[in-house]
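What follows is a short report on a single structure.
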Amino acid sequence: MDYGDYNYTFPDDNYTFPDIIESVTPEIQPIQIVALVMYSLVVLLGVPGNAVVVWVTGFCMSRSVTSLWFLNLALADLLCCLSIPLLMVPLVHDDHWHFGPLACRLIRGLFYLVMYCSILQLVVISVDRLLLVIRPIWCQNHRRPKQGAYGCVAVWVLALIGSIPQFVYAKQIVAGDEKRECRMEYTVDSAWPVSAFRFLIGFIIPFLVILVCHLVVFSNTQRRMTRSRTGSKKTLRVVISVVLSFFLCWIPLHIVDFLILTTPRGTYVSPKLHLAHVIALCLAYFNSCLNPLLYVCLGQSFKDSMNRSLRNIFRFMGEEPTTKKSITNVDTKSTSNGKEMTTI
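For the sequence shown, position 206 (counting from the first letter as 1) is numbered 991 according to my numbering, and the numbering increases by one without interruption.
See below:
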């Protein structure tokens, strides 16, 4: 079954992370159930959640830098959630990979591509929020949707560069007479550098940037809300939710990867560590479900646009065909006059 990227193989110049051997097959079943349940939850929650965000930010809200940020974030998270069913298939077939070597590289690499894209977009959103608070005049003069679109393209390019090792080292291997498995096979010299790069670029640096940006934003916002304790408490809740969700969803995966890397060569990783790796992967995917709620749905402009769109849809479905055109025109006018999303 598919518990991660790691397997030990020989000869000595090949290094991949350990997989569970046949002798412990009875202990695999609970892990399979846990993984399938958690992956299913991510798909059921993440796909509709991110699809709604794409619909609202892409078609219902006025085009702005903020709406572009959240649209790009939702697209990355939606793509991540849509790829999960392909990872669930091997779980119910004893880790047999049905889709061929090309799909193996694409799916393995896709996870890290959208991971980097999502994380980098969160960093961009955090820095953008900071600039809006400490440099409002500069933002008013230079912050345009065109620059926002360039920023989204840059995020995808950087994410693609960061995920190149995963596209390179993902391989379909022969694991039996008719069994094929999709694994990450690193060389001894590349295992630690790739993991260190993923930890620095994919977690610690983005986490510190997000943390610092939101603390500065909260500090400045709190000083301006001396008369509104309710607003200050709401801002604090958003800041804590953003930082904690990012930290809790990603740190377990990096810790487990480190523990697997330190396992002596030629030995098998314990089933408990494999279970931890399954849960860590699911938590990382679960971050794609939380992003729409934390970064978009808490924004008043998003909620207003969504409520307006839903009302117009229901009215559109209930009106006579001759009046539907006028309703659509009213919605277009109200959307074009909409204000940019609030940043906190």
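Every residue, glycine too, gets a C-beta built ideally from N, C-alpha and C.
Identify every residue that forms a DSSP beta bridge with residue 998. DSSP output for residue 998 lists no bridge partner at all.
Would you mind stating whether residue 967 and residue 951 have Cβ atoms separated by less than 9 angstroms? Result no, Cβ atoms of residue 967 and residue 951 do not sit closer than 9 angstroms.
Could you spell out where the alpha helix (DSSP H) holding residue 900 opens and where it closes? 885-919
Following a CB-centred definition, is residue 1007 positioned closer than 8 angstroms to any heavy atom of the ligand NAP? The ligand NAP is absent from the structure shown, which contains no ligand whatsoever.
Beta-carbon separation of residue 910 and residue 987 under 9 angstroms? no
In whole angstroms, give me the CA-to-CA distance for residue 886 and residue 872. Between the alpha carbons of residue 886 and residue 872 lies a distance of about 14 angstroms.
Beta-ladder partner(s) of residue 957, from DSSP: 967
Just reading off the alpha helix (DSSP H) that residue 843 is part of, what are its end residues? No alpha helix (DSSP H) contains residue 843, which DSSP labels as neither H nor E.
Alpha-carbon spacing of residue 1068 relative to residue 1037, whole angstroms: Rounded to the nearest angstrom, the two C-alpha atoms are 8 angstroms apart.
Quick one: is residue 842 buried, meaning 16 or more other Cβ sit within 10 Å of its Cβ, or exposed? buried
For residue 869 and residue 922, I'd like the C-alpha separation in whole angstroms. 43 angstroms
Quick one: what's got a C-beta closer than 6 angstroms to residue 906's C-beta in the same chain, skipping five residues either side? 857, 858, 940
When the Cα atoms are used, what is the spatial distance from residue 1032 to residue 928? 29 angstroms
Enumerate in chain order the residues of its own chain whose CB-to-CB distance from residue 995 is below 8 angstroms, with the five nearest sequence positions on each side excluded. 907, 908, 911, 1027, 1028, 1031
The alpha helix (DSSP H) spanning residue 948 covers which residue range? No alpha helix (DSSP H) contains residue 948, which DSSP labels as neither H nor E.
In chain order, what residues of the same chain have a beta carbon less than 6 angstroms from the beta carbon of residue 916, not counting five sequence neighbours either side? 924
Residue from 1059, 1044, 826, 1070 whose Cα sits closest to the Cα of residue 977: 1044
So, with DSSP's three-state summary, where would you put residue 1130? A question about residue 1130 goes unanswered here, because the residues of the chain that appear run from 786 up to 1129.
Residue 862, DSSP secondary structure in three states: helix
What is the rounded straight-line gap between the Cα of residue 1039 and the Cα of residue 1062? 9 angstroms
Would you kindly report the start and end of the unbroken alpha helix (DSSP H) that includes residue 1059? 1056-1076
Pairwise C-alpha distance: residue 1025 and residue 1005: 16 angstroms
Candidates 1042, 943, 818: which alpha carbon is nearest residue 981's? 1042
Using CA atoms only, rank isn't needed, just tell me which of 1065, 1076, 1079 is closest to residue 819. Comparing Cα positions, the closest option is 1065.
Measure the CB-CB distance between residue 1074 and residue 831 and report whether it falls below 9 angstroms. yes
Nearest by alpha-carbon distance to residue 945: which of 931, 902, 879 is it? 902
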